[in-house]
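If you're matching positions, the sequence shown starts at 3 in the working numbering and goes up one per residue. Each residue gets a CB set at the ideal place from its N, CA and C atoms; glycine is no exception. To keep things clear, I will list the structure first and then write my remarks on it.
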Amino acid sequence: MRNLVRQEVFDSSRTLIIKIGSNVLTRSDDQLNEERIRHLSDQIDRLMNTGRKVVVVSSGAVAAGIGVLGLTQRPQTLPELQASAAAGQTRLMKAWGDSFGASGHKVAQILLTVNDFRSRRRYLNIRNTIRTLLAFGVTPVINENDSVSIAEITLGDNDQLAAMIAALVPNPLMIILSSVDGLYDGPPDSPGSKVISLVEQPNSSMLQHVSSDQSSRGRGGMGAKLQAILNATQTGESVILANGLADDVLDQISTGEEVGTLFLASGSTIPAWKRWIGYSARPEGTLQLDDGACKAVVQNGKSLLAVGIKNVVGTFGQGASVSLTQAGGREVARGLVNYTAEEIRRIAGHRSESIPELLGHIPYREVIHRDNLVVTDDSRVFSLGETTDAPPVQP
Numbered sequence: 003m004r005n006l007v008r009q010e011v012f013d014s015s016r017t018l019i020i021k022i023g024s025n026v027l028t029r030s031d032d033q034l035n036e037e038r039i040r041h042l043s044d045q046i047d048r049l050m051n052t053g054r055k056v057v058v059v060s061s062g063a064v065a066a067g068i069g070v071l072g073l074t075q076r077p078q079t080l081p082e083l084q085a086s087a088a089a090g091q092t093r094l095m096k097a098w099g100d101s102f103g104a105s106g107h108k109v110a111q112i113l114l115t116v117n118d119f120r121s122r123r124r125y126l127n128i129r130n131t132i133r134t135l136l137a138f139g140v141t142p143v144i145n146e147n148d149s150v151s152i153a154e155i156t157l158g159d160n161d162q163l164a165a166m167i168a169a170l171v172p173n174p175l176m177i178i179l180s181s182v183d184g185l186y187d188g189p190p191d192s193p194g195s196k197v198i199s200l201v202e203q204p205n206s207s208m209l210q211h212v213s214s215d216q217s218s219r220g221r222g223g224m225g226a227k228l229q230a231i232l233n234a235t236q237t238g239e240s241v242i243l244a245n246g247l248a249d250d251v252l253d254q255i256s257t258g259e260e261v262g263t264l265f266l267a268s269g270s271t272i273p274a275w276k277r278w279i280g281y282s283a284r285p286e287g288t289l290q291l292d293d294g295a296c297k298a299v300v301q302n303g304k305s306l307l308a309v310g311i312k313n314v315v316g317t318f319g320q321g322a323s324v325s326l327t328q329a330g331g332r333e334v335a336r337g338l339v340n341y342t343a344e345e346i347r348r349i350a351g352h353r354s355e356s357i358p359e360l361l362g363h364i365p366y367r368e369v370i371h372r373d374n375l376v377v378t379d380d381s382r383v384f385s386l387g388e389t390t391d392a393p394p395v396q397p
């Protein structure tokens with residue numbers, strides 16, 4: 003059944019970020035499902051014929067490498083994971099290239115790690131490369147560079163990568179194709195559970211009801227997907243989570259059919275500079291705030307002053323990215339500091355008027371100016387002075 007809200011969301015998009023999970027792209031014997039890739043590329047061709055640009059974030063390199071190397075299960079050691087990724091990546095890209103080539107489209111491979119987004123210069127280079135490829139009519143096929151990743155190979159996932167890519171392109175709609183039908187209102191295997199068609203105000207309370215289980219082929223379970231969805235919706239993008247194993251799923255999305263779960267953008271679109279601060283730059287330390295500072299920063303849109311800082315964690319320099327947390331340790335914002343960690347320790351809890359006496363100078367009234375600060379959680383999902391078991395939103 004066609005849904006007007008879904009149709010409006012699709013019609014307003016100009017760039018589609020389509021993330022496709024390992025379970026969608028591999029068969030039960032861990033071999034790459036090239037027929038599935040051809041079927042998806044045919045649908046993507048039809049999407050491109052509507053005038054939209056498409057970026058594919060494709061999992062499946064490690065899973066494809068399992069078949070190439072003749073393994074019977076997903077490797078457990080880092081060297082074997084990296085070898086599987088290296089062996090499988092060429093096979094994965096050939097499958098995409100052949101499938102898109104059948105309809106006259108060209109593809110380009112981009113391999114990234116989380117660190118590529120943490121450097122402002124590299125972040126801009128990624129954006130420029132993707133936008134230039136799209137301008138030439140070339141479809142970027144992006145994957146995390148598992149063959150050289152270390153921490154990222156166990157901590158990262160392509161759901162988060164897709165959310166980061168969505169922040170780089172104009173008027174995006176992020177589509178996550180997984181082996182599940184969407185977000186359920188209960189355990190998916192429970193007889194009474196149903197797929198939630200629409201989430202109007204996504205927030206981190208969704209994470210409290212999600213299992214941490216993940217598949218044997220992929221790294222990200224439903225929790226990882228919801229984290230990525232939160233990152234995207236908080237910066238002004240809508241997301242659709244649907245079953246990539248279903249026939250013609252992308253065709254149905256393009257016509258506004260009620261497939262999967264639609265998560266509406268819950269925040270206003272923020273500038274690219276602030277997206278980088280809030281969701282890509284790696285925090286080098288933590289500032290713990292009192293309740294008054296939390297309220298000023300999160301609810302009232304104020305800069306962070308020294309008087310509201312209770313504790314400083316880490317060693318960092320002026321201009322570093324830091325995480326701002328409430329008393330219970332939950333992250334509420336991120337920003338770029340005007341002072342070093344040692345200077346902030348000396349002025350923490352003091353009014354701005356006292357800074358000249360404490361430091362001998364007062365170059366900045368604010369520890370973090372509002373222009374360099376991004377709220378990553380809001381008053382709807384936490385209570386000041388209270389802790390919560392729900393994990394913080396991470397990039």
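Own chain residues within Cβ distance below 6 Å of residue i, not counting five before or after
i	result
Asp-292	Gly-310 and Lys-312
Gln-290	Lys-312, Asn-313 and Thr-327
Arg-347	Val-314
Gly-321	Leu-338
Cβ neighbour criterion (16 or more within 10 Å) applied to residue i
i	result
Ser-14	exposed
Trp-275	exposed
Gln-84	buried
Ile-20	buried
Ala-137	exposed
Lys-55	buried
Pro-285	buried
Thr-141	buried
Pro-204	buried
Ile-155	In this prediction, Ile-155 has a pLDDT of 40, which is less than 50 and means its spatial position is unreliable; what the coordinates show is noted afterwards. Buried.
Leu-209	buried
Arg-353	exposed
Arg-277	buried
Leu-361	exposed
Thr-17	buried
Gln-301	exposed
Ser-207	exposed
Thr-115	buried
Spatial neighbours of residue i in its chain, beta-carbon cut-off 8 Å, leaving aside the 5 residues before and after
i	result
Val-182	Pro-190, Met-224, Leu-243 and Asn-245
Val-251	Gln-45, Leu-179, Ala-244, Asn-245, Val-261 and Gly-262
Gln-9	Thr-257 and Gly-258
Ala-226	Asp-159, Asp-161, Gln-162 and Gln-216
Ser-218	Because Ser-218 carries a pLDDT of 48, less than 50, the predicted location of this residue cannot be relied on, and no value is offered for it.
Pro-365	Asn-340
Asp-379	Ser-206, Val-300, Arg-332, Glu-333, Val-334, Ala-335, Pro-394 and Val-395
Leu-6	Gly-258
Gly-303	Arg-372
Contact belief for residue i with residue j at Cβ below 8 Å, rounded distance in angstroms
i	j	result
Val-440	Gly-103	Any question about residue 440 goes unanswered here, given that the chain covers just 3 to 397.
Val-143	Val-109	5 Å
Leu-264	Ser-199	7 Å
Leu-113	Asn-147	4 Å
Arg-48	Asp-249	Wrong, their Cβ atoms sit about 14 Å apart, outside the cutoff.
Ile-279	Val-377	Actually they are not in contact, since the Cβ atoms of Ile-279 and Val-377 sit about 11 Å apart, beyond 8 Å.
Gly-72	Ser-86	Not confirmed; about 11 Å, so no contact.
Ser-121	Arg-40	Not confirmed; about 36 Å, so no contact.
Ile-349	Ala-298	The Cβ separation is near 17 Å, so there is no contact.
Residues bridged to residue i (per DSSP)
i	result
Pro-142	Ala-110
Thr-288	Val-315 and Ser-325
Tyr-341	Tyr-341 pairs with nothing; no bridge assigned.
Arg-60	The sequence given here has Ser at residue 60, not Arg. Answer is Ile-22.
Ser-10	The sequence shown places Glu at residue 10, rather than the Ser named in the question. Paired residues: none, contrary to the question.
Lys-55	Thr-17
Val-241	Met-176 and Phe-265
Tyr-186	Val-197
Leu-375	Gly-337
Leu-80	Bridge partners of Leu-80: none, in fact.
Leu-34	Thr-28
Leu-306	Ile-370
Glu-259	Arg-4
Sequence-distant residues of the same chain with beta carbon closer than 7 Å to residue i, five excluded per side
i	result
Ala-168	Ile-19, Pro-174, Met-176, Ala-234 and Glu-239
Gln-33	Gly-69
Asp-187	Ser-195, Lys-196 and Ile-198
Phe-12	Leu-175, Ile-255, Ser-256 and Gly-258
Arg-4	Thr-257, Gly-258 and Glu-259
Measuring CB atoms only, is the stretch 327–340 touching the stretch 357–375, in the sense that at least three cross pairs come out at less than 8 Å? Yes, the stretch 327–340 touches the stretch 357–375.
Looking at C-beta atoms only, is the number of pairs between the stretch 95–102 and the stretch 71–81 that lie closer than 8 Å three or more? No: the two stretches stay apart, fewer than three of their Cβ pairs being nearer than 8 Å.
Are at least three pairs of beta-carbons, each pair with one atom in the stretch 314–321 and one in the stretch 337–346, less than 8 Å apart? Yes: the two stretches touch, three or more of their Cβ pairs being nearer than 8 Å.
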